[in-house]
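Data first, discussion second: the structure below is written as structure tokens.
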């Protein structure tokens, strides 16, 4: 019985932390996030060289071939730093190709995603903001060997800088008839851009597909994949977002706790007052608890355990309900300065806003738990 | 991460399972007196009573992991408790094993393991609840006897106990209030000791006030040194930290709640179809699962020999919230019928849920209130200044 990390994983955490401390202080993070691309391409390249970007991509395709629990360690730390990077998007895209592509497709795309030269993302949501099969309307019409995609994708992570889009589309009239296409940014009829959004450290944008022709060998999971492949990517995305939210929430708690240890009112550090310390203790309880849930979920994913999807939904439901509140309470406990652009706590409040709906809010995951037999 | 058991642990689990298969009757027959007597003798013989205690005092010498396995299997199969001397097994015994003299060990430990009689715990006083170390119950030595004067309160099962583990103040002239406290083992039939049961808000009486008027006990009944009482009571509480028994208890209650929600019709549909009820059931479910996994993380730390501090307050807070929430939820699911108590033919399940909804303080306040747990977390883990 061991519900902890290996020595190698602890070493990786230390290495990542050292790297981020040197390159992604919150001052740096603000600069990177406020820049045009929303992240620092030089840093991204370094992360690729250190093996972080391709951590979970098989060695045969240029990655480090490590399991998802190891990736979790990396994500906790990038989350802690609020690192603006397309890492999550890239992981979802590479997992899509790895899990649902054939060997030729893996060989074609994974090396570029592993070495950081190309950035992948998953384009799923549309106007209805609906994560169920009914929400998928973008049509893929067969024309000989090609599929013609037409429509608009919304809330696409890192849309402005992605080179490869894993596009979910509807291949049949209704229900579960759908597929995943790999669309290159340069393809004719593709336009994508970021939208102004609350959390500058996480870019979201839209993708327009105007009769984009996709060759047959760019379709993943066409045979027999259907909705279940898309659902697995949603589950994976939810797990990744929750993992980053562990680190981010711990940082928000630390910042607020440190503030409460310094700030004096009524001749005393405010952290002495139960009205201040109890909400902080409650935050700690929530973070530790969804941390346990998401750790287990990652282990279950690696093991292919039957309850992996259930475990992810439990973790994301808990995190979606508590992390956004934690940001709000963090700002409130800071008082007036918490409301300023200058103080850092607001960055975490915004991260909470970003993460709540990302790959399903609490309500979505509660319904999913029920669907999976958990009620 | 690896949740597999070792071969030896797997073997132990199989041993427990086959024992249960052989010795556990169907659920309706587990309260029969002759079965329970037999059960107690058998688990005692297996040394599963006091399983974590060293073998030389009569315990089982079970490893931390084996303790978890045993608890988990017992809880999963809804087996009766292992041993009947609840407080004796939970903390009196461990305190005696750690701090007791050879005579004390021989005198008390076998009886605790056999469940010969009950122990009660004299810690809280009217003015010393959450701030336990401020206790005042006075104790002076006279010759080879201690003379006790004062009062204890919230003493669970005092009226049915033969012995009490008691904290008294032997020294009022100390810089740190914790240092003047001494631990005594007191027979409940001592002259001058009076027990007055307290009726709780549910109508029952599980705890009592205990009054001491010139109660004399021999000095040899002192556990540990004079002034060491605080340490004696605190350090003996370290045990395996998986929360496994609590988790199974809560899970069982959750299953009953879900059944109640499935079988109760509210405004034309099953209560479980009402979105607000569903969400609350699921939220409670997730909290219980997080308790289970938190426990696994604490257990991992324990197995690695890392010091375990105040993290266990996390699960205490979850449990406290769940005890209240589940009682409330039952009442919202069942509506008016849940407010009727035993004796009414219209009461829900003979008033069982009403009792539950009135019973939470025993757990929620008993082991240290939620506010105290939050102080512990914020001061000892987050390092905030002491209140």
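Protein chains in written order, with our numbering: chain A, 1 to 375; chain R, 376 to 762. All residues carry an ideal CB built from backbone N, CA and C; glycine is no exception.
Three CB pairs or more closer than 8 Å across the segment 753-760 of chain R and the segment 593-602 of chain R: With fewer than three CB-CB distances shorter than 8 Å, the segment 753-760 of chain R does not count as touching the segment 593-602 of chain R.
Selected residue, minimal CA-CA separation from residue 307(A), among 374(A), 283(A), 285(A): Among 374(A), 283(A), 285(A), the Cα nearest to that of residue 307(A) belongs to 374(A).
CB contact below 8 Å: residue 377(R) versus chain A: Chain A, which has a Cβ nearer than 8 Å to the Cβ of residue 377(R), makes this yes.
Supposed close pair residue 454(R), residue 395(R) - CB separation, criterion 8 Å: Confirmed, about 6 Å.
Inter-residue spacing [alpha-carbon to alpha-carbon] between residue 196(A) and residue 204(A): For residue 196(A) and residue 204(A), the distance between alpha carbons rounds to 8 Å.
Inter-stretch contact at 8 Å, needing at least 3 Cβ pairs: the segment 263-275 of chain A / the segment 377-384 of chain R: Touching, no.
Cutoff 8 Å; reference residue 581(R); Cβ partners in own chain excluding five residues on either side: So the list reads 531, 532, 575, 737, once near-sequence residues are dropped.
Beta-carbon separation (whole angstroms), residue 298(A) vs residue 251(A), contact threshold 8 Å: So it is not a contact: roughly 20 Å between Cβ atoms.
Contact list for residue 1(A) against chain R, beta-carbon separation under 9 Å: Near residue 1(A) (Cβ distances below 9 Å), the residues of chain R are 377, 378, 379, 380, 381, 384, 440, 443, 671, 674, 675, 678.
Residue span of the alpha helix (DSSP H) that contains residue 77(A), given as start and end: Start and end: 68-80.
Simplified DSSP assignment, three categories, for residue 218(A): Correct three-state label for residue 218(A): helix.
Close-in-space but distant-in-sequence residues of the same chain around residue 446(R) (CB under 6 Å, 5 per side omitted): Excluding its 5 nearest sequence neighbours in each direction, residue 446(R) has C-beta neighbours in its own chain below 6 Å: 619, 620, listed in chain order.
Under the three-state DSSP convention, the category residue 355(A) falls into: Residue state, collapsed to three classes: helix.
Contact set between residue 251(A) and chain R, taken where Cβ atoms lie within less than 8 Å: In chain order: nothing, as chain R lies at least about 14 Å away.
Which residues DSSP lists as bridging residue 513(R), in chain order: Looking at the DSSP output, residue 513(R) bridges to 524(R), 544(R).
Under 7 Å by beta carbon: chain R residues contacting residue 14(A): What residue 14(A) touches in chain R, judged by beta-carbon distance under 7 Å, is nothing: the nearest beta carbon there is about 17 Å away.
Chain R contact residues for residue 257(A), given Cβ-Cβ distances below 7 Å: Neighbours of residue 257(A) on chain R, chain order: 757, 759.
Simplified DSSP assignment, three categories, for residue 740(R): Coil at residue 740(R), not helix or strand.
Straight-line gap, residue 713(R) to residue 398(R) (C-alpha atoms, nearest Å): Whole-angstrom Cα-Cα distance: 36 Å.
Environment of residue 109(A) [buried if 16+ CB atoms lie within 10 Å]: Result: buried.
Residue 540(R) versus residue 276(A): straight-line alpha-carbon distance, rounded: One Cα belongs to residue 540(R), the other to residue 276(A), and the distance between them is close to 37 Å.
Exposure of residue 462(R), with buried meaning 16 or more beta-carbon neighbours within 10 Å: Within 10 angstroms of the beta-carbon of residue 462(R) lie 16 or more other beta-carbons, which makes it buried.
Identity of the residues DSSP links to residue 645(R) by a beta bridge: In the DSSP assignment, residue 645(R) forms a beta bridge with 640(R).
Contact with chain R by residue 69(A), beta-carbon distance below 8 Å: So yes, residue 69(A) belongs to the interface.
Chain-ordered residues of the segment 265-280 of chain A with a beta carbon less than 7 Å from chain R: Going along the segment 265-280 of chain A in chain order, one finds 269, 271, 272, 274, 277, 278, 280 with a Cβ nearer than 7 Å to chain R.
Rounded distance between the beta-carbons of residue 151(A) and residue 45(A), thought under 8 Å: With 8 Å as the limit, residue 45(A) and residue 151(A) do not qualify as a contact, their Cβ atoms being about 33 Å apart.
Under 7 Å from the C-beta of residue 243(A): neighbouring residues of chain R: Those do not exist, as residue 243(A) stays about 14 Å from chain R at its closest Cβ, beyond 7 Å.
Buried versus exposed call for residue 491(R) [16 or more other C-beta atoms within 10 Å across all chains shown]: Its Cβ having fewer than 16 others within 10 Å, residue 491(R) is exposed.
Cβ-Cβ distance between residue 330(A) and residue 242(A) below 8 Å: Their beta carbons are not under 8 Å apart, which means residue 330(A) does not touch residue 242(A) by this criterion.
Anticipated Cβ contact below 8 Å, residue 708(R) with residue 608(R), distance rounded: Residue 608(R) and residue 708(R) do not touch by the CB rule: their CB atoms are close to 40 Å apart, not below 8 Å.
Completely contained alpha helix (DSSP H) runs for the segment 214-300 of chain A, where each covers 4 or more residues: Runs of the alpha helix (DSSP H) inside the segment 214-300 of chain A: 226-262.
At least 3 beta-carbon pairs within less than 8 Å: the segment 663-683 of chain R vs the segment 715-723 of chain R: Using a C-beta cut-off of 8 Å, the segment 663-683 of chain R makes no contact with the segment 715-723 of chain R, since fewer than three inter-stretch Cβ pairs fall below that distance.
Chain-order list of residues whose beta-carbon lies under 8 Å from that of residue 97(A) (same chain, five-residue window excluded): Excluding the 5 residues flanking it on each side, residue 97(A) has same chain C-beta neighbours closer than 8 Å at 105, 106, 109, 110, 113, 120, 166, 182, 220, in chain order.
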